[in-house]
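K.L.:
Dropping the structure in here first, questions after.
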DNA sequence: GTAATAGTGTCTCTTAGACAATATGCC
DNA sequence: GGCATATTGTCTAAGAGACACTATTAC
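Structure (structure tokens):
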């Protein structure tokens, strides 16, 4: 090991997801410089390890949070390391390592920042586990892995609440799970499990009003026992 | 992003596990050079990205496989990326990134290789999710995370078979699960679930003999549907 | 026969799915 | 009242836990 060998470049890339208009969306930026100029890519950049420089990341997670803030103007809601990609061929220039993260944000929290080194930035809808453009580098692969991870975690954790606004109804939460799992869930069972898992709290006296019976508003109950949602994996009623 | 910024060093470290004498063990090497000289550490080393050099890794996983082979003399049985650790403080010399992997091997497959850059190498028993020495760098943390991942995966996958020899009895498999989960499992339920999950295959006509009824030998049935073991998470009978 | 471990059958209990029934707002 | 959605209750079915039972070897 060490210090004097030739080094790879190290990037941090983030798949930032939100839910808007009943659709899962991911934030992509258009690259302003080669390679892959004018291709869309996950937001990201090099880890800044020079203590003397104006931008300095103490940890990988700091680098990810910095990118997230730069792109969305939002403080971190949910951020998780996905996995690390590294090879001699993923960047035509040289051996690179990309530490990929994925983030979940409520749509309302975000103000997409154009500018910086990205020529453009916008939300792309996800359909069939992908985005309808060719992405730079191996970012289609990273995005695919991120979606897989999200869906896997939706199965057994309360992770989906991070896509919703602070206050939501149980029906809205159920619709979110149904959408992400691509399955219809039974109303009664869903509510039973949500309550048993203790992942949400009633906001006393707050209701969503409409032309019908008002719905109780709930908020995320932070730190339940391990955030486990389903004591059994959900026997889903596919199709 | 790029190419001309100061770069961190990139290492690959591996937590190599096996099961021997009914104990989970991890392979550690004693460091022959500073920093942390004479401390025990996870096997690992720098990723070799110089195409001209005698050792060249095309991917991160190649680097992990190379380390695994160097330390154990065994070809890869089970290898999975754990997570990536990176900060300015985990190595006193500089900003480093360590891509951590974890590997499972049957004890018999391994021939521990002393020498190379490690002064010494040996198995350490794991007790209370740790090893009874101070480790170099943040390796105690990495080891802890690896054990957590292993235990989490034992809950719902067939991963534990990779710790056993090619042929094993269902009782041996059950004892392994009981040991890793720190729980007593019911024989009947366990066998039912193993059979339903289709994770093992009978080896026709092969039995483990003893001073009692011989036990059918089984082998791992590669590639079951997603390798999921427990349709429900095991309601364990703790204590 | 006994001892010891392998392997099976059956009953119960939990919990998710199905779906009916009730509640509460607006018009 | 009628409509729409929220919320609850009840029955059923799948699967795990408990535990007793049978099977097969060595002695």
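Protein chains in written order, with the working numbering: chain H, 1 to 239; chain V, 240 to 478.
Using N, Cα and C, we set each Cβ at its ideal position, and we do this for glycine too.
So with Cβ pairs under 8 Å, would you call residue 238 of chain H a contact of chain V?
P.N.:
The residue you call residue 238 of chain H lines up with position 238 of the first chain. For residue 238 of chain H, the predicted structure reports a pLDDT of 39, less than 50, and the residue's modelled location is therefore unreliable. A value from the coordinates is still provided. It does not; no Cβ of chain V falls within 8 Å.
K.L.:
Just to make sure I have the definition right: I need the residues of chain V whose C-beta is within less than 9 Å of the C-beta of residue 5 of chain H. Which are they?
P.N.:
Along the first chain, one-based indexing puts residue 5 of chain H at 5. The contacting residues are 248, 285, 286, 287, 288, 289 and 292.
K.L.:
What number of angstroms, rounded off, separates the C-alpha of residue 254 of chain V from the C-alpha of residue 342 of chain V?
P.N.:
For the purposes of this step, residue 254 of chain V is taken as residue 15 along the second chain, with counting starting at 1. For the purposes of this step, residue 342 of chain V is taken as residue 103 along the second chain, with counting starting at 1. Approximately 6 Å, taken between the alpha carbons.
K.L.:
Any beta-carbon of chain H closer than 8 Å to the one on residue 325 of chain V?
P.N.:
Counted from its first residue, the second chain places residue 325 of chain V at position 86. Cβ-Cβ to chain H under 8 Å: yes for residue 325 of chain V.
K.L.:
In this structure, how does DSSP classify residue 239 of chain H when only helix, strand and coil are distinguished?
P.N.:
Start at 1 with the first residue of the first chain, and residue 239 of chain H comes out as number 239. Reliability fails at residue 239 of chain H, whose pLDDT of 30 lies under 50, so the model's placement of it is uncertain and the value that follows must be treated cautiously. Three-state result, residue 239 of chain H: coil.
K.L.:
Do the CB positions of residue 350 of chain V and residue 315 of chain V come within less than 8 Å of each other?
P.N.:
Numbered from 1 along the second chain, position 111 holds the residue referred to as residue 350 of chain V. Numbered from 1 along the second chain, position 76 holds the residue referred to as residue 315 of chain V. Their beta carbons are not under 8 Å apart, which means residue 350 of chain V does not touch residue 315 of chain V by this criterion.
K.L.:
For residue 338 of chain V and residue 251 of chain V, which I take to be in contact (beta-carbon distance under 8 Å), what is that distance rounded to the nearest angstrom?
P.N.:
Start at 1 with the first residue of the second chain, and residue 338 of chain V comes out as number 99. Start at 1 with the first residue of the second chain, and residue 251 of chain V comes out as number 12. Sure, about 5 Å apart at Cβ, within 8 Å.
K.L.:
Skipping 5 residues on each side, what residues in its chain have a beta carbon closer than 6 Å to that of residue 146 of chain H?
P.N.:
As a first step, residue 146 of chain H is located in the first chain; it is residue number 146 there, counting from the start. Only 15, 82 and 102 meet the Cβ criterion.
K.L.:
At what residues does the beta strand (DSSP E) containing residue 98 of chain H begin and finish?
P.N.:
Numbered from its first residue, the first chain carries residue 98 of chain H at position 98. Here the beta strand (DSSP E) through residue 98 of chain H covers 96-104.
K.L.:
Give the straight-line distance between the Cα atoms of residue 410 of chain V and residue 379 of chain V, rounded to the nearest whole angstrom.
P.N.:
What you label residue 410 of chain V is simply residue 171 of the second chain in a count that begins at 1. What you label residue 379 of chain V is simply residue 140 of the second chain in a count that begins at 1. Roughly 32 Å separates the two Cα atoms.
K.L.:
By the criterion of Cβ-Cβ separation under 8 Å, what are the contact partners of residue 81 of chain H in chain V?
P.N.:
Taking the first residue of the first chain as position 1, residue 81 of chain H is located at position 81. Result: 322 and 323.
K.L.:
DSSP has residue 361 of chain V in a bridge; who is on the other side?
P.N.:
Translated into positions along the second chain, residue 361 of chain V becomes position 122. For residue 361 of chain V, which the question treats as bridged, DSSP gives the partners V:267.
K.L.:
In terms of residue numbering, what span does the alpha helix (DSSP H) encompassing residue 169 of chain H cover?
P.N.:
Counted from its first residue, the first chain places residue 169 of chain H at position 169. Segment: none, residue 169 of chain H is in no alpha helix (DSSP H) and carries neither H nor E.
K.L.:
Using a Cβ cut-off of 8 Å (strictly closer), state whether residue 338 of chain V contacts chain H.
P.N.:
Counting from one through the second chain, the residue named residue 338 of chain V turns up at place 99. Yes - at least one Cβ of chain H is within 8 Å of the one on residue 338 of chain V.
K.L.:
Along the chain, where does the alpha helix (DSSP H) containing residue 509 of chain V start, and where does it finish?
P.N.:
No statement about residue 509 of chain V is possible, as the shown extent of chain V runs from 240 to 478 and does not include it.
K.L.:
When you compare the CB positions of residue 187 of chain H and residue 174 of chain H, do they come within less than 8 Å of one another, or not?
P.N.:
Here residue 187 of chain H refers to the residue found at position 187 of the first chain. Here residue 174 of chain H refers to the residue found at position 174 of the first chain. A contact, by the Cβ cut-off of 8 Å.
K.L.:
Just checking: is the beta-carbon of residue 60 of chain H within a distance shorter than 8 Å of some beta-carbon in chain V?
P.N.:
What you label residue 60 of chain H is simply residue 60 of the first chain in a count that begins at 1. By this cut-off, residue 60 of chain H is an interface position.
K.L.:
Between the region 268-287 of chain V and the region 120-132 of chain H, do at least 3 Cβ pairs fall closer than 8 Å?
P.N.:
Touching, no, given that fewer than three Cβ pairs across the two stretches are closer than 8 Å.
K.L.:
What does residue 279 of chain V reach in chain H if we use C-beta pairs closer than 8 Å?
P.N.:
For this step, residue 279 of chain V is matched to residue 40 along the second chain. By Cβ distance, chain H contributes nothing, its closest Cβ being about 15 Å from residue 279 of chain V, past 8 Å.
K.L.:
Does the CB of residue 254 of chain V have a neighbour CB from chain H at under 8 Å?
P.N.:
Along the second chain, one-based indexing puts residue 254 of chain V at 15. With 8 Å as the cut-off, residue 254 of chain V does not count as an interface residue toward chain H.
K.L.:
Going along the chain, which residues of the region 358-369 of chain V sit with their C-beta nearer than 9 Å to a C-beta in chain H?
P.N.:
From the region 358-369 of chain V, no residue has a Cβ closer than 9 Å to chain H.
K.L.:
Roughly how many whole angstroms lie between the Cα atoms of residue 428 of chain V and residue 434 of chain V?
P.N.:
Reading the second chain from its first residue, position 189 is the one you call residue 428 of chain V. Reading the second chain from its first residue, position 195 is the one you call residue 434 of chain V. Whole-angstrom Cα-Cα distance: 10 Å.
K.L.:
State buried or exposed for residue 89 of chain H, treating a residue as buried only when at least 16 other CB atoms are found within 10 Å of its CB.
P.N.:
To locate residue 89 of chain H, count along the first chain from 1; it is residue 89. Exposed.
K.L.:
May I ask which residues mark the beginning and end of the beta strand (DSSP E) holding residue 321 of chain V?
P.N.:
Position 82 of the second chain holds residue 321 of chain V. Residues 317-326.
K.L.:
Quickly, what does DSSP pair residue 23 of chain H with across the bridge? List them, please.
P.N.:
Reading the first chain from its first residue, position 23 is the one you call residue 23 of chain H. Answer by DSSP bridge pairing, in chain order: H:20.
K.L.:
So, helix, strand or coil for residue 429 of chain V, using DSSP?
P.N.:
Here the question's residue 429 of chain V lines up with position 190 in the second chain. DSSP places residue 429 of chain V in helix when its eight states are reduced to three.
K.L.:
Between residue 86 of chain H and residue 35 of chain H, which are expected to be in contact by the criterion C-beta below 8 Å, what is the C-beta distance as a whole number of angstroms?
P.N.:
Residue mapping note: residue 86 of chain H aligns to position 86 of the first chain, counting from 1. Residue mapping note: residue 35 of chain H aligns to position 35 of the first chain, counting from 1. Not a contact, Cβ separation roughly 17 Å.
K.L.:
Using the C-alpha atoms, what's the distance from residue 218 of chain H back to residue 201 of chain H?
P.N.:
Numbered from 1 along the first chain, position 201 holds the residue referred to as residue 201 of chain H. Numbered from 1 along the first chain, position 218 holds the residue referred to as residue 218 of chain H. Spanning the two alpha carbons is a distance of roughly 5 Å.
K.L.:
Classify residue 208 of chain H as buried or exposed, calling it buried when 16 or more other Cβ atoms lie within 10 Å of its own Cβ.
P.N.:
Locating residue 208 of chain H in the first chain gives position 208, where the first residue counts as 1. Under this definition residue 208 of chain H is an exposed residue.
K.L.:
Using a 10 Å radius around the Cβ and a threshold of 16 neighbouring Cβ atoms, would you call residue 438 of chain V buried or exposed?
P.N.:
Along the second chain, read from residue 1 onward, the residue named residue 438 of chain V stands at position 199. Answer is buried; the Cβ neighbour count reaches 16.
K.L.:
Given this structure, state the Cα-to-Cα distance separating residue 400 of chain V from residue 154 of chain H, to the nearest angstrom.
P.N.:
For this step, residue 400 of chain V is matched to residue 161 along the second chain. For this step, residue 154 of chain H is matched to residue 154 along the first chain. The straight-line gap from Cα to Cα measures roughly 27 Å.
K.L.:
In angstroms with no decimal places, state the Cα-to-Cα distance between residue 96 of chain H and residue 245 of chain V.
P.N.:
As a working mapping, residue 96 of chain H is identified with position 96 in the first chain. As a working mapping, residue 245 of chain V is identified with position 6 in the second chain. Going by the C-alpha atoms only, they are around 14 Å apart.
K.L.:
Pull up the CB-CB distance for residue 418 of chain V and residue 424 of chain V, whole angstroms please, since I reckon it's below 8 Å.
P.N.:
On the second chain, position 179 is the one that residue 418 of chain V refers to. On the second chain, position 185 is the one that residue 424 of chain V refers to. The pair is not a contact, with the Cβ atoms about 11 Å apart (cut-off 8 Å).
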